[in-house]
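Each residue of the sequence shown is one higher than the one before, starting from 1 at the first, in the UniProt record's numbering. Below you'll find the structure, written out as structure tokens, and then a few comments.
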Amino acid sequence: MRDTDHVREIDRVLRGQTTGRDGVVSESWRRCVETYGMDPSRPSPAHIVTEAELRAHREQSERLIAIARSGLDSLFRQVAGQNYVLLLADAKGVTVDFFGDRRFEDDLRTAGLYMGSDWSENRAGTCGVGSCIVTGEAITIHQTDHFDLHHTPLSCTAAPIFDTSGNLSAVLDLSLLRSPQPKASQNLAMNLVCSSARRVEMANLMAMTRRDWVLRFSASPEFLEVDPEAAIALDDSGRVIGLTHAAQQVLGSQSGSLLGRRLDQVMELSVDDLPELMRGRPTEERVIRLHDGRALFGHAIAPQTARVPRQTGIALPGGLSSIAGPDPAMQALLTRAAKLARTQIPLLLSGETGTGKHRLARAIHMCETDARPFIQLDCARADPAAIDAMLPSAGTPGTLFMQGVDDLSPAGQAAILRLLTDAKLRVIASVRDDLSAMTRSGAFRGDLFFRIAGATLSVPPLRLRQDFDWLLDRLLRQRNPDGLRLTPAARSELKARSWPGNLRELGNTLDVAVSLAEGADIDITDLPDPVLVETRADDAECLESLLDACGWNMAQTARRLGVNRSTILRRVQRLGLTPPQ
Ligand SMILES: Nc1ncnc2c1ncn2[C@@H]1O[C@H](COP(=O)(O)OP(=O)(O)OP(=O)(O)O)[C@@H](O)[C@H]1O
Numbered sequence: 001m002r003d004t005d006h007v008r009e010i011d012r013v014l015r016g017q018t019t020g021r022d023g024v025v026s027e028s029w030r031r032c033v034e035t036y037g038m039d040p041s042r043p044s045p046a047h048i049v050t051e052a053e054l055r056a057h058r059e060q061s062e063r064l065i066a067i068a069r070s071g072l073d074s075l076f077r078q079v080a081g082q083n084y085v086l087l088l089a090d091a092k093g094v095t096v097d098f099f100g101d102r103r104f105e106d107d108l109r110t111a112g113l114y115m116g117s118d119w120s121e122n123r124a125g126t127c128g129v130g131s132c133i134v135t136g137e138a139i140t141i142h143q144t145d146h147f148d149l150h151h152t153p154l155s156c157t158a159a160p161i162f163d164t165s166g167n168l169s170a171v172l173d174l175s176l177l178r179s180p181q182p183k184a185s186q187n188l189a190m191n192l193v194c195s196s197a198r199r200v201e202m203a204n205l206m207a208m209t210r211r212d213w214v215l216r217f218s219a220s221p222e223f224l225e226v227d228p229e230a231a232i233a234l235d236d237s238g239r240v241i242g243l244t245h246a247a248q249q250v251l252g253s254q255s256g257s258l259l260g261r262r263l264d265q266v267m268e269l270s271v272d273d274l275p276e277l278m279r280g281r282p283t284e285e286r287v288i289r290l291h292d293g294r295a296l297f298g299h300a301i302a303p304q305t306a307r308v309p310r311q312t313g314i315a316l317p318g319g320l321s322s323i324a325g326p327d328p329a330m331q332a333l334l335t336r337a338a339k340l341a342r343t344q345i346p347l348l349l350s351g352e353t354g355t356g357k358h359r360l361a362r363a364i365h366m367c368e369t370d371a372r373p374f375i376q377l378d379c380a381r382a383d384p385a386a387i388d389a390m391l392p393s394a395g396t397p398g399t400l401f402m403q404g405v406d407d408l409s410p411a412g413q414a415a416i417l418r419l420l421t422d423a424k425l426r427v428i429a430s431v432r433d434d435l436s437a438m439t440r441s442g443a444f445r446g447d448l449f450f451r452i453a454g455a456t457l458s459v460p461p462l463r464l465r466q467d468f469d470w471l472l473d474r475l476l477r478q479r480n481p482d483g484l485r486l487t488p489a490a491r492s493e494l495k496a497r498s499w500p501g502n503l504r505e506l507g508n509t510l511d512v513a514v515s516l517a518e519g520a521d522i523d524i525t526d527l528p529d530p531v532l533v534e535t536r537a538d539d540a541e542c543l544e545s546l547l548d549a550c551g552w553n554m555a556q557t558a559r560r561l562g563v564n565r566s567t568i569l570r571r572v573q574r575l576g577l578t579p580p581q
């Protein structure tokens, strides 16, 4: 195309005629003339900023340049030998990093494909970098798509890079001094810049949010761990505090920015479920459901410097850190669990029904970072034939979680012994009864007992936990998308109950309360009655633990035991119990 034809075409487009140009190009031409006052018949050479200005631009983008560099290196290797030039421009359009063949240095400098060149649209006219900044979209400005005659030999394909708050922070541009005539020849360049920009955003998010949960996701499980499509970072309460641009596109839809929204408002998942999506579980099982019915595959990454539970100062691996709040006994138990998780020692998790033994077993399994299977066996239902059928899978490493081993029949116990001979599986068993007493009485086989009880972790019942408020808030958050709050009366009623069904019963109670509540609060009348009221034997140790859990509130302790306050006072005096100093 001759120069005069180019100028005439711009004129025709400005007069509203269609010439076959892409809409983004025509709109940019219009901006060049009507907004920036440019004249297409007066080409101007590339503008390179001064050394001092370049230094200032580079300093501003220093962190991004460092993060982007390895991604850009690998992108440049992919196009090596094809005469492409790779530019990283900042949000103002100034080239702050550059990869090109030094043999063509003079040509590149003249063309503006060089360090310090200013590609903002209001200075260079329609161009890859400048028009990408204005539109926020990936774009190819091919040859005569350029407004300025000086740039019409070039073909430039650019993709935006957004920061973790969703603001455009840089542009990645792949340009050619000379290219084939069809614009479609740059389709591959478009795919390459877009995927590189996505990876730079991902690396930036990971670097910025080391102390937070990150949830990465993809539409298919295959690339989930190696090259995920998008990611969000979440704070302790499950609010989105950072995101990649693709995450906003996939999850944000029409409802505005994702930033600040709670995870459960976006998908059927709360921050407390994230440990379930960590490595250690097969990728294809890590399905996330969105509220609009779509399904994605998720990969959760725990805070790299584990959050330190308040009051205890102990750092725990991700999955374990979300099991308990400020309860000294639970924190001591989780610290032991973290140490034992690194070994192959068989673990016996004991505790009443619903105390969270299964949850603990999974968290221990997930402390291992490689994706080994977690095989679950419900001992109450497992017949010997079903156990024998598991023999082939016992040869591969993984975790076998035997739920309720005290429910095994004698034939089931024999079958488990056969299964465990030569097994490579790490065994974790849960038990509700006193398994050592069962072994002493002959109800449980001694040879099996010693195979599974390498170390015992006793999970305390809910009524003895000092982090009851923490658990209550957490369970409520999980099932409460509307932000319902407990009134003080409802909270103190829940704290006073004895919870024989433990966390499971508390979860069920909250399910009912959330469904019955009207307005913004859950009140005492929304709470279902306890399903089973228990009066417990209260030896000195048990009574003291219960008093500790209730902060030595006699009335609350009395209600949990189903007796009156004076009975508790009398027992405290008789047993000589005193509150901790
Ligand atoms: N730390 C926790 N935070 C929130 N919910 C929890 C926690 N631990 C357990 N739960 C929930 O409590 C319920 C019971 O937990 P789990 O199945 O792990 O208990 P269990 O001790 O293995 O029970 P059982 O002995 O009856 O098999 C489940 O719904 C689980 O999701």
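Where is the CB? At the ideal position from N, CA and C, for every residue including glycine. Note that this is a predicted model, so its numbers are computed, not measured.
Item, Value
"Rounded to the nearest angstrom, what separates ARG479 and SER257 at their Cα positions?", "23 Å"
"To the nearest angstrom, report how far apart GLY395 and SER237 are at their CA atoms.", "41 Å"
"When DSSP builds the beta bridges, which residues end up paired with TYR84?", "LEU176"
"Can you give the beta carbon distance from ALA111 to VAL193, rounded, assuming they're within the 8 Å contact cut?", "Not really, about 18 Å apart at Cβ, beyond 8 Å."
"Express the C-alpha separation of GLY93 and ARG234 in angstroms, rounding to a whole number.", "One point to set straight first is that residue 234 is Leu, not Arg, in the sequence displayed. Approximately 31 Å between the Cα atoms of the pair."
"Rounded to whole angstroms, how far is the Cβ of LEU527 from the Cβ of LEU494, which I believe are closer than 8 Å?", "7 Å"
"Work out the CA separation of GLY136 and residue 583 for me, nearest whole Å.", "Examination of residue 583 is not possible in this model, given that the chain is present from 1 through 581 alone."
"Hey, is GLY507 close to ligand 1, as in C-beta under 8 Å from one of its heavy atoms?", "yes"
"Going by the C-beta, is GLN403 closer than 8 Å to any heavy atom of ligand 1?", "yes"
"Can you give me the C-alpha to C-alpha distance between ALA537 and SER498, rounded to a whole angstrom?", "Its pLDDT being 49, under 50, ALA537 is placed unreliably by the model, and the measurement read from it follows with that caveat. Answer to the nearest angstrom: the Cα atoms are 13 Å apart."
"On a Cα-Cα basis, can you pick out the residue from ASP163, SER175, MET402 that is closest to LEU360?", "MET402"
"Using only CA atoms, which one of ALA91, SER220, PRO397 lies nearest to CYS132?", "ALA91"
"Spell out a yes or no on whether the region 353-368 and the region 428-447 are touching, meaning 3 or more CB-CB pairs, one atom from each, closer than 8 Å.", "yes"
"Find out if the Cβ-Cβ distance for the pair VAL79, LEU86 is shorter than 9 Å.", "yes"
"What residue does the alpha helix (DSSP H) around VAL287 start on, and which one ends it?", "Where VAL287 is concerned, there is no enclosing alpha helix (DSSP H), although the beta strand (DSSP E) it sits in stretches over 287-289."
"From this set, MET390, ALA437, ALA443, which residue's C-alpha is nearest THR421's C-alpha?", "MET390"
"Look at the alpha carbon of ARG103 and the alpha carbon of LEU75, and state the distance between them as a whole number of angstroms.", "19 Å"
"Please state if the CB of PRO500 and the CB of LEU546 are separated by a distance shorter than 9 Å.", "no"
"What does the Cβ neighbour count give for ASP467, buried or exposed, with the cut at 16 atoms within 10 Å?", "buried"
"Tell me whether the region 325-338 and the region 240-249 touch, counting them as touching only if at least three CB pairs, one residue from each stretch, are closer than 8 Å.", "no"
"List, from N- to C-terminal side, the beta strand (DSSP E) runs of 3 residues or more that fit wholly inside the region 120-164.", "139-142, 155-162"
"I need the straight-line Cα distance from PRO275 to LEU263, nearest angstrom please.", "14 Å"
"Where do the ends of the beta strand (DSSP E) carrying LEU348 lie?", "347-350"
"Under 9 Å, do VAL459 and LYS339 count as touching if we go by C-beta distance?", "no"
"Please confirm whether THR157 and SER175 have their CB atoms less than 9 Å apart.", "yes"
"Tell me whether PHE162 is buried or exposed, calling it buried when 16 or more other Cβ atoms sit within 10 Å of its Cβ.", "buried"
"Excluding the 5 residues preceding and the 5 following ILE522 in the sequence, name in chain order all residues of the same chain whose CB lies nearer than 6 Å to its CB.", "LEU484, LEU486, ALA490, ALA513"
"Does the beta carbon of GLN478 fall short of 8 Å from some heavy atom of ligand 1?", "yes"
"Hey, how far is the Cα of GLY404 from the Cα of ASP447?", "17 Å"
"Could you tell me which of GLN82, GLU59, SER409 sits nearest to ALA385, measuring between CA atoms?", "SER409"
"Does the beta-carbon distance from SER350 to LEU471 come in below 9 Å?", "no"
"Helix, strand or coil for GLY313? Go by DSSP, reduced to three states.", "Residue placement at GLY313 cannot be trusted, given a pLDDT of 45 that sits under 50; what the coordinates show is reported in the next sentence. GLY313 falls in the coil class under three-state DSSP."
"If you draw a straight line from the alpha carbon of ASP548 to that of LEU464, how long is it in whole angstroms?", "8 Å"
"Note down, in chain order, each residue of its chain lying with its Cβ closer than 8 Å to the Cβ of ILE65, except the 5 sequence neighbours on either side.", "ARG58, LEU88, VAL96, ASP97"
"Please report how far the alpha carbon of LEU215 lies from the alpha carbon of ASP273, in whole angstroms.", "11 Å"
"Comparing the CB of VAL512 with every heavy atom of ligand 1, is any distance shorter than 8 Å?", "no"
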